[in-house]
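Report on the structure given below.
In the working numbering, the protein residues as written are 9 to 183.
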């Protein structure tokens, strides 16, 4: 049986964990050192619903300096994975403002740092509301650092990419 190929592009603010998520998924290894990404590509094989899928994973830069380059990765995309960090409420807001047209919520250090800026950690309800507002295919939580929920994110993204193809509509799915 021929392998199905799909393209997944991951977007989100700089340093929100996009690259870590992709590396944990594709290589089962968490990178301990932060190195900003400009553009990076990975390939991972995944089986979803008894179908073999080769996912081309396109990692993008979230920094404003790359706003003009990022759209070059969008053509022929089947699914866009929109990421935010729960320790950065601004990164969730940017899902709406910029990215559409480890569970640290109880971590004392994270809560303390957010409190300095009169902010609170992002809760599941707020994130789910944003997902509904933008018409996302799904909302899932994961932690690349603790390797929790990573496989489920990519299985769901793959299902979204496969569904998009069978519906014969233009565009791609958002997750």
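Ideal Cβ placement from N, Cα and C applies to all residues, glycine included. These figures come from a predicted structure and were not determined experimentally.
C-alpha gap between residue i and residue j, whole angstroms
i: residue 49; j: residue 123; result: 36 Å
i: residue 187; j: residue 148; result: In the structure as shown, the chain starts at 9 and stops at 183, and residue 187 therefore has no counterpart that could be examined.
i: residue 168; j: residue 15; result: 11 Å
i: residue 126; j: residue 164; result: 34 Å
i: residue 69; j: residue 57; result: 31 Å
i: residue 110; j: residue 21; result: Low confidence applies here, because residue 110 scores a pLDDT of 33, under 50, leaving its location unreliable; read the following figure in that light. Distance between the alpha carbons of residue 110 and residue 21: 17 Å.
i: residue 96; j: residue 130; result: 7 Å
i: residue 107; j: residue 84; result: 17 Å
i: residue 72; j: residue 102; result: 12 Å
i: residue 19; j: residue 91; result: 6 Å
i: residue 142; j: residue 87; result: 14 Å
i: residue 181; j: residue 138; result: 15 Å
i: residue 12; j: residue 157; result: 23 Å
i: residue 63; j: residue 82; result: 15 Å
i: residue 51; j: residue 25; result: 18 Å
i: residue 53; j: residue 61; result: 6 Å
i: residue 45; j: residue 160; result: 24 Å
i: residue 5; j: residue 36; result: The question about residue 5 has no answer here: the residues shown for the chain are numbered 9 through 183.
i: residue 140; j: residue 98; result: 18 Å
i: residue 55; j: residue 42; result: 30 Å
i: residue 120; j: residue 132; result: 19 Å
i: residue 105; j: residue 67; result: 20 Å
i: residue 134; j: residue 128; result: 11 Å
i: residue 116; j: residue 183; result: 29 Å
i: residue 153; j: residue 47; result: 21 Å
Those residues which DSSP pairs with residue i across a bridge
i: residue 13; result: 62
i: residue 91; result: 20
i: residue 55; result: 60
i: residue 48; result: 67
i: residue 181; result: 87
Selected residue, minimal CA-CA separation from residue i, among the options
i: residue 93; options: 23, 180 and 171; result: 23
i: residue 65; options: 166, 38 and 17; result: 17
i: residue 33; options: 166, 104 and 170; result: 166
i: residue 145; options: 82, 132 and 136; result: 136
i: residue 171; options: 116, 59 and 37; result: 59
i: residue 39; options: 183, 155 and 162; result: 155
i: residue 162; options: 89, 98 and 105; result: 89
| Three or more C-beta pairs closer than 8 Å, one from the segment 25-33 and one from the segment 71-80: is that the case here? | Two segments are said to touch when three or more pairs of C-beta atoms, one from each, lie closer than 8 Å; by this definition the segment 25-33 does not touch the segment 71-80.
TODO: Let me know the alpha helix (DSSP H) ranges lying completely inside the segment 92-162, each 4 residues or longer, listed in chain order.
DONE: List check, alpha helix (DSSP H) in window: 97-105, 116-124 and 132-142.
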